[in-house]
Amino acid sequence: MGLAAAAPREAEALQLADAGRLITENRENGVRFLSAQGEFIGARGAYYAPTVPFAQLPKHLIDALVASEDRRFYEHWGLDPRAMARAIWSTLTGRTQGGSTLTQQTIKEIYLKEHSPIVRKLLEEPVLAPILELNLSKEDILFVYLNRVFFGGNAYGIEAAARVYFNKYARSLSVLESAMLVGLLPAPNRYNPHRNLPVSRDRGFRVIEQMVEAGYLSRRAANRARQQAIALAPSRSAWGGVYPRGTQIGWLARWAEIEANANAPVSAREGTRTITTTLDIRVQQAADRHLQQALRQHGRTGQIEEGAVVVMRYDGAVLGLVGGRDYRQKEWDNATQARRQPGSIAKLFVYLAALQRGAAPDSLVSDAALTLGGRPVRNFDDRYLDEISLAAALEKSSNTAAVRLALRNTDKIAGLLRAFRIGDDMEGEAGDLALGTYEARLVDLTAAFASVANHGRMVVPYAVQRVQDATGAETLSRLLPEPSDIRQTIGSQEADAMRQMLAGVVQRGTGRAADPGFWAAGKTGTTTASRDAWFIGFTERYVAGVWLGNGDNRPMLGVSGGGLPAQIWRAVMTDITRGA
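Just so it is clear: in the sequence shown, position 229 is 228 by numbering that gives the first Met the number 0, and no numbers are missing.
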């Protein structure tokens with residue numbers, strides 16, 4: 000009856016003889032994220048770190064576990080009748096009382112967590128625990144248990160727990176750190192040191208006393224252990240994930256998971272998947288550092304709550320993505336979810352349409368005062384000229400010139416917006432298209448600039464390089480097409496002319512604050528009452544977009560695209576280019 004009730008998924012699992020396999024059997028679902036360089040950067044759901052060989056587990060960790068959880072572990076054959084009776088009685092009377100041996104707990108962790116406690120303790124564990132003892136050594140059972148059990152904070156296994164709570168390898172844990180981690184096992188949330196360090200430390204002290212009672216520690220050694228310093232790692236947990244290189248990586252990791260899910264059946268999400276992302280840690284840290292620095296220095300005076308930065312290669316691989324001020328406080332991603340008015344960033348499509356209709360950078364357009372629908376069209380600087388070149392009009396971000404161009408090319412602009420995947424329903428009036436009063440995402444607008452940088456070839460932003468299932472088999476691998484096979488969104492001549500004009504914006508126009516001291520091109524954007532401020536552009540190597548604003552659409556104070564966003568963009572580009 001016990002064997003039938005336990006029913007591990009495969010018949011050979013009943014042999015319970017392969018310790019390595021038992022560690023990976025029936026794991027909770029989760030996702031591990033790697034950087035483009037293969038470094039572990041985060042996990043969502045269940046976080047399993049690499050397995051720690053038994054020989055590398057500190058002896059005081061093993062002693063703490065046995066003293067606290069199963070003092071007769073080395074004497075019994077998988078079951079402790081007295082403890083079992085105590086546990087069954089507590090279950091029947093509705094109280095919580097331990098009593099399962101470490102062997103039983105190991106069986107439960109792998110196969111029986113979802114089973115009825117009464118059935119599990121009366122029928123299943125009494126059969127399977129002795130089988131496990133017959134097939135594995137005591138060391139193997141401890142090895143499996145410590146590499147499987149849940150320690151809270153999304154961490155499964157001792158290596159994950161050591162990294163989450165103390166930012167160190169399990170082999171380096173001190174006596175007090177080991178005691179605190181063992182102390183987590185009965186109630187991982189209650190004793191979580193990130194939530195209440197004094198309570199967690201006191202629980203560790205209790206485990207140390209149990210080690211003394213069991214004869215594993217002398218009183219003198221216990222007193223020394225109680226005095227050991229605890230250097231608690233900063234909490235790297237946020238929104239169901241753990242990010243050891245900083246929680247801000249959660250923005251790109253979450254977006255990569257969405258991309259991976261969209262390209263895989265539900266069945267491929269079982270167990271622990273590994274997603275190798277496009278993230279470059281150096282680029283990510285630079286983007287986050289300069290955005291946060293700007294918000295700290297100017298957020299209060301400029302009444303700026305939020306910001307976002309996207310950095311990508313010419314092929315669309317997103318190297319860094321910061322979706323807001325603090326991923327721990329708000330999961331909403333201003334880079335990939337928020338749709339905001341692009342303001343003068345929209346002039347990219349206006350001038351591209353004009354170039355497609357045969358205009359050139361030196362073609363003339365009127366910058367004179369203009370009224371549209373009974374309302375005046377205002378230039379940002381309230382200055383109006385007669386006829387000027389398209390290049391000069393873009394450099395000064397002339398609204399009157401842009402509206403005149405849009406009146407001639409409305410359908411062409413709407414078609415470009417659809418081609419660049421800015422939106423599906425772009426049938427607005429010329430003024431809306433010219434002045435950017437529609438809504439768009441930062442990541443899509445940045446990809447549009449990448450297409451221009453890429454000589455007109457279509458760029459689709461992506462964050463996933465490959466996905467592997469729990470067995471290591473590859474379920475998704477990005478195969479990039481040859482450049483000759485990539486669709487031309489716009490002609491290379493028009494794209495190159497646009498590159499030239501955008502470079503003029505940085506050299507002589509509204510984007511001068513973005514000039515990094517080497518070749519760069521880009522465009523500023525500011526919406527009515529400074530509700531949104533943008534700078535998007537590219538160098539010979541990278542494409543990046545910066546947005547500043549408020550989640551509730553409140554106006555900022557004195558913030559324009561040619562100011563703080565351009566300065567952030569310059570700092571990021573200078574930083575990542577210098578270290579390339």
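C-beta: ideal position from N, C-alpha, C; glycine also.
- Within the segment 2 to 78, the complete beta strand (DSSP E) runs of at least 3 residues fall at 29 to 33 and 39 to 44.
- Between G182 and R205, the CB-CB gap stays under 8 Å.
- Its chain contains F39, I40, T273, I274, T275 and T276 as the residues whose beta carbon lies nearer than 8 Å to that of L33, once the 5 sequence neighbours on both sides are disregarded; these appear in chain order.
- Of the residues M500, R299, D366 and V163, the one whose Cα lies closest to the Cα of R244 is V163.
- It is roughly 13 Å from the alpha-carbon of L556 to the alpha-carbon of E305.
- The Cβ-Cβ distance between A48 and A159 falls below 8 Å.
- In the three-state reduction of the DSSP assignment, V459 falls in the coil class.
- By the Cβ-count criterion, P341 is buried, with 16 or more other Cβ atoms from all chains shown falling within 10 Å of its own Cβ.
- Put simply, of P185, A186, L196 and R189 the residue whose alpha carbon is nearest the alpha carbon of E176 is L196.
- The beta-carbon distance between A18 and L135, rounded to whole angstroms, is 6 Å. This is short enough to meet the 8 Å contact definition.
- DSSP lists F534 as the bridge partner or partners of T523.
- Taking a cut-off of 8 Å for Cβ pairs, the segment 234 to 242 and the segment 440 to 452 do not touch, as fewer than three such pairs fall below it.
- By the Cβ test, the segment 496 to 513 is in contact with the segment 383 to 400, since at least three Cβ pairs between them sit closer than 8 Å.
- Counting along the chain, P341 sits inside no alpha helix (DSSP H), nor does DSSP assign it H or E at all.
- Annotated three-state conformation of F149 is strand, per DSSP.
- Proximity to G44 across L56, V30, P52 and V51 peaks at V30, based on C-alpha coordinates.
- Around the Cβ of G156, a 10 Å sphere holds 16 or more other Cβ atoms; the residue is buried.
- Distance from the CA of R553 to the CA of M572, rounded to the nearest whole angstrom, comes to 29 Å.
- Taking every protein chain shown into account, the CB of W518 has fewer than 16 other CB atoms within 10 angstroms, so this residue is exposed.
- Distance from the CA atom of T576 to the CA atom of R218, rounded to whole angstroms, is 58 Å.
- Taken atom to atom, the span from the alpha-carbon of S343 to that of N378 is near 11 Å.
- Along the segment 328 to 374, the alpha helix (DSSP H) occurs as fully enclosed runs of 4 or more residues at 346 to 355, listed in sequence order.
- Annotated as proximal: N333 and A307, with beta-carbon spacing under 8 Å.
- Boundaries for S397: no alpha helix (DSSP H) harbours it, and the DSSP string shows neither H nor E there.
- Rounded to the nearest angstrom, the gap between the Cα atoms of A429 and Q492 is 25 Å.
- In the three-state scheme derived from DSSP, where H, G and I count as helix and E and B as strand, E473 is classed as strand.
- Relative to the Cα of E27, the nearest Cα in the group E269, L180, A532 and L172 belongs to E269.
- For A400, the closest alpha carbon among the candidates L318, H289 and D366 is that of D366.
- When C-alpha distances from R200 are compared across A169, R225, M210 and A220, the shortest belongs to R225.
- Cα atoms of I489 and G435: separation of roughly 20 Å, rounded to the nearest angstrom.
- Straight across, the Cα-Cα distance linking W76 with E123 is about 15 Å.
- Judged by DSSP in its simplified three-state form, E212 adopts helix.
- The Cβ atoms of E473 and Q467 lie closer than 8 Å to each other.
- A direct Cα-Cα distance of roughly 36 Å separates K112 from A228.
- Nearest Cα to Q296 within the set E256, Y215, P116 and Q566: Q566.
- In the same chain as G427, and ignoring 5 residues on each side of it, the C-beta atoms closer than 7 Å to its own belong to Y437, in chain order.
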